[in-house]
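In what follows, a single structure is set out as structure tokens and then discussed.
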Amino acid sequence: MRAITLLQPPKLVFGAGAFSRFVEDTIAAGRQRIWILVAQPLVDTLNGGVEEMRSAGLMVDVVVYEAGEPTFTLYEEFLQQVEKFGPDTVVGIGGGSVLDLAKLLAAMQDSTGQLSDFVGINLLKSRSTHMVCIPTTSGTGSEVSPNAILLDEGTLEKKGIISPFLVPDATYIDPALTIGLPPKITAETGIDALSHCIEAFTNKFSHPLVDDYALRGISLIGQHLHRAFEVPDDMDARSAVALGSMYGGLCLGPVNTAAVHALSYPLGGKYHVPHGLANAVLLPEVMAYNLPSNVQKHEQIALALGAERGTTSEETAKNGVEKVKELVKLCDIPQNLTKLGVQKEDVAELTGLAMKVTRLLKNNPREVTFADAEEIYCRLF
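Structure, rendered in structure tokens:
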């Protein structure tokens, strides 16, 4: 068995009241200058904690992230604000877009280079600024991963910066913060988290250590996401999906994702389709494509999802694909690209962009050629 490195935040607080713990811990740790990037819907939730920190003598600067895809341009705009404030701690409170930006803003305080110089794996070599992540969606897993993804508006490519120094120093996961999410966002981010677990489990470079996290995440999300979608204030369902999302994030460092994400990135880049939505549309089709590469693992996925056991392993595995399709449908997610506004005449361009995401395609359990990727897209019209 090959050796792998599993990275995770040194402090990981999960459960009810985790957000309050963040405020208490920050004050107790003697931090002096706190720069917070917060998603707009969470501003009111944050206000009490900010006042408590200020009353304790901390300097706190709060910057609101309105919405949209995180881009290199946005990063540069926020970087100017961070450098002007000079924090000893950077905090991200929001979904994956906010967390990815906050992580990069914290890490780049030590660097004199351009962010584009660090696109790739392990090119970012240091970070001294304390970094805290507080997710308010259950999707990207960025709060526990070494990854950050930004859109290059010039090339329409999503580019990844992957480094151990992008793993936060502290992460606080409070499922209560996800209760106010619109059902649509709950569903899309939840399927994104499910795709992390499935792609890690079936990955060409899968590992038994990561498999345990992935399979548990598949079970938690697959069996509780619809309930969280239908009954937003069900804390048991919210907690299960949040935990499953965290497990998916832990899979991203040592194993990462594969063809689902590679094919989804161009949809976000060219059409600005939300990341989770793009993954949700692609996931069942890519699963069906990959199934012949490892029937046994797809059978395990099916059973973790609660799918019916068939008379053969292959039949059970196929039931798992249908179970994912059913979940997507139950969560009112479109099941084809036309409903996302994608034009069929753009498939060749989308395929070309997807084939550039070699860092993920190399992980896929079944080789994906240009023709294969093109066919997967075409089957979704």
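Here the working numbering is used: the sequence shown runs in plain steps of one and ends on residue 1218.
The beta carbon of each residue, even a glycine, is placed where N, CA and C say it ideally should be.
Every value quoted in this text rests on a predicted model; they were computed, and no experiment measured them.
Okay, do the segment 940 to 950 and the segment 916 to 926 touch, 3+ Cβ pairs below 8 Å being the bar? yes
Identify every run of the beta strand (DSSP E) within the segment 917 to 992, keeping only runs that are complete inside it and at least 3 residues long; order them along the chain. 926 to 931, 967 to 972 and 984 to 989
Next on the checklist: Out of 1154, 1143, 1163 and 973, which one is the CA nearest neighbour of residue 1082?
Outcome noted: Taking the first residue of the sequence shown as 1, we reach residue 1082 at position 245. Per the Cα distances, 973.
Worksheet entry | Identified DSSP bridge partners for residue 841 | Position 4 of the sequence shown, counted from the first residue, corresponds to residue 841. The partner list for residue 841 (beta bridge, DSSP) is empty, contrary to what the question assumes.
Item to complete: From the DSSP output, in three-state form, read off residue 851 for me.
Response: Counted from its first residue, the sequence shown places residue 851 at position 14. DSSP places residue 851 in strand when its eight states are reduced to three.
- Where residue 1189 falls: helix, strand or coil (DSSP): Walking along the sequence shown from the start, residue 1189 turns up at place 352. Residue 1189 falls in the helix class under three-state DSSP.
* Asked: Per the contact definition of three or more C-beta pairs closer than 8 Å, is the segment 1061 to 1079 in contact with the segment 959 to 970?
  -> no
Q.
What does the Cβ neighbour count give for residue 953, buried or exposed, with the cut at 16 atoms within 10 Å?
A. Within the sequence shown, numbered from 1, the residue matching residue 953 stands at position 116. Counting Cβ neighbours within 10 Å, residue 953 comes out exposed, since fewer than 16 surround it.
Residues that DSSP places opposite residue 898 in a beta bridge: On the sequence shown, position 61 is the one that residue 898 refers to. Answer is 872.
Output the boundary residues of the alpha helix (DSSP H) element that contains residue 1008. Taking the sequence shown and counting its residues from 1, one reaches residue 1008 at position 171. Where residue 1008 is concerned, there is no enclosing alpha helix (DSSP H), although the beta strand (DSSP E) it sits in stretches over 1007 to 1010.
| task | Taking residue 1121 as the reference, give the member of 1108, 1109 and 1139 with the closest Cα. | result | Here the question's residue 1121 lines up with position 284 in the sequence shown. Among 1108, 1109 and 1139, the Cα nearest to that of residue 1121 is on 1139.
- prompt: Per DSSP, residue 1016 is paired with what?
  reply: Locating residue 1016 in the sequence shown gives position 179, counting from the first residue. Bridge partners of residue 1016: none, in fact.
Exposure of residue 905, with buried meaning 16 or more beta-carbon neighbours within 10 Å:
Position 68 of the sequence shown, counted from the first residue, corresponds to residue 905. Residue 905 comes out exposed.
Practice item. Output the boundary residues of the alpha helix (DSSP H) element that contains residue 1160. Key: The residue you call residue 1160 lines up with position 323 of the sequence shown. Note, residue 1160: alpha helix (DSSP H), 1150 to 1167.
Is the separation between the beta-carbon of residue 1090 and that of residue 1012 shorter than 8 Å? Residue 1090 sits at position 253 when you count from the first residue of the sequence shown. Residue 1012 sits at position 175 when you count from the first residue of the sequence shown. Cβ atoms of residue 1090 and residue 1012: not closer than 8 Å.
**Asked** For residue 1077 and chain C, any beta-carbon pair shorter than 8 Å?
**Response** Of the protein chains in the structure, only one exists, and it is not chain C.
Worksheet item: Under 8 Å between the Cβ atoms of residue 1034 and residue 1016?
Response: Here residue 1034 refers to the residue found at position 197 of the sequence shown. Here residue 1016 refers to the residue found at position 179 of the sequence shown. For residue 1034 and residue 1016, no; Cβs fall outside 8 Å.
Quick one: give me the first and last residue of the beta strand (DSSP E) that residue 994 is part of.
Residue 994 sits at position 157 when you count from the first residue of the sequence shown. Its beta strand (DSSP E) spans residues 994 to 999.
Original post:
What do you reckon, is the C-beta of residue 973 under 7 Å from a heavy atom of the ligand NAP?
Top reply: With respect to small molecules bound, the structure shown includes none, and the ligand NAP cannot be examined in it.
| request: Give the single residue among 869, 923 and 1142 whose Cα lies nearest to the Cα of residue 1161. | output: Counting from 1 along the sequence shown, the entry for residue 1161 is found at position 324. Residue 1142 is the option with its Cα nearest to residue 1161.
Self-check item: Short Cβ contact (8 Å threshold) for residue 1037 with residue 1100
Solution: Counting from 1 along the sequence shown, the entry for residue 1037 is found at position 200. Counting from 1 along the sequence shown, the entry for residue 1100 is found at position 263. No, the pair does not count as a contact, with Cβ atoms beyond the cut-off.
Can you have a look at residue 880 and say buried or exposed, based on whether 16 or more other CB atoms are within 10 angstroms of its CB? Here residue 880 refers to the residue found at position 43 of the sequence shown. Under this definition residue 880 is an exposed residue.
### Burial state of residue 1129, where buried means 16 or more other Cβ atoms lie within 10 Å
Along the sequence shown, read from residue 1 onward, the residue named residue 1129 stands at position 292. Classification for residue 1129: exposed.
Near residue 1029, which residues of its chain fall below 7 Å by C-beta distance, leaving aside the five closest residues on each side in sequence?
One-based indexing of the sequence shown puts residue 1029 at position 192. For residue 1029, where only same-chain residues beyond five positions count, the Cβ hits under 7 Å are 976, 977, 1112, 1113 and 1116.
Could you give the residue range of the alpha helix (DSSP H) that holds residue 1138?
-> Your numbering for residue 1138 matches position 301 in the sequence shown. Residues 1132 to 1142.
Boundaries (first-last residue) of the alpha helix (DSSP H) holding residue 1112 = As a first step, residue 1112 is located in the sequence shown; it is residue number 275 there, counting from the start. Unbroken alpha helix (DSSP H) run through residue 1112: 1112 to 1127.
Nearest to residue 850 by CA position, among 1000, 1076 and 1187, is which residue?
-> Your numbering for residue 850 matches position 13 in the sequence shown. Nearest C-alpha to residue 850: 1076.
Can you tell me where the alpha helix (DSSP H) with residue 1073 in it begins and where it stops? Here residue 1073 refers to the residue found at position 236 of the sequence shown. Residue 1073 -> alpha helix (DSSP H) spans 1072 to 1089.
For a test of the three-state rule: what should DSSP assign to residue 908, helix, strand or coil? In the sequence shown, the residue the question calls residue 908 occupies position 71. Residue 908 falls in the strand class under three-state DSSP.
Helix, strand or coil at residue 878 [DSSP, three-state]:
Looking up residue 878 in the sequence shown gives position 41. DSSP places residue 878 in helix when its eight states are reduced to three.
For this session: Give a yes or no on whether the C-beta atoms belonging to residue 1020 and residue 1127 are separated by under 8 Å.
Result: Taking the sequence shown and counting its residues from 1, one reaches residue 1020 at position 183. Taking the sequence shown and counting its residues from 1, one reaches residue 1127 at position 290. No.
Let me know if residue 938 comes out buried or exposed under the rule of 16 or more other beta-carbons within 10 Å of its beta-carbon.
The sequence position of residue 938 within the sequence shown is 101, counting from 1. Classification of residue 938: buried, given that the 10 Å Cβ count is 16 or more.
query = In angstroms, rounded to a whole number, what distance separates the CA positions of residue 1159 and residue 1032?
reply = Taking the first residue of the sequence shown as 1, we reach residue 1159 at position 322. Taking the first residue of the sequence shown as 1, we reach residue 1032 at position 195. The straight-line gap from Cα to Cα measures roughly 15 Å.
- Task: Determine the DSSP secondary structure at residue 858, reduced to helix, strand or coil.
- Result: Locating residue 858 in the sequence shown gives position 21, where the first residue counts as 1. Reduced to three states, the DSSP call for residue 858 is helix.
Cutoff 6 Å; reference residue 907; Cβ partners in own chain excluding five residues on either side: Taking the first residue of the sequence shown as 1, we reach residue 907 at position 70. Result list for residue 907: 934, 937, 938 and 987, in chain order.
Subject >> Distance between residue 844 and residue 1047 (C-alpha atoms, nearest Å) >> reply: Translated into positions along the sequence shown, residue 1047 becomes position 210. Translated into positions along the sequence shown, residue 844 becomes position 7. If I take the Cα positions, the gap works out to 11 Å.
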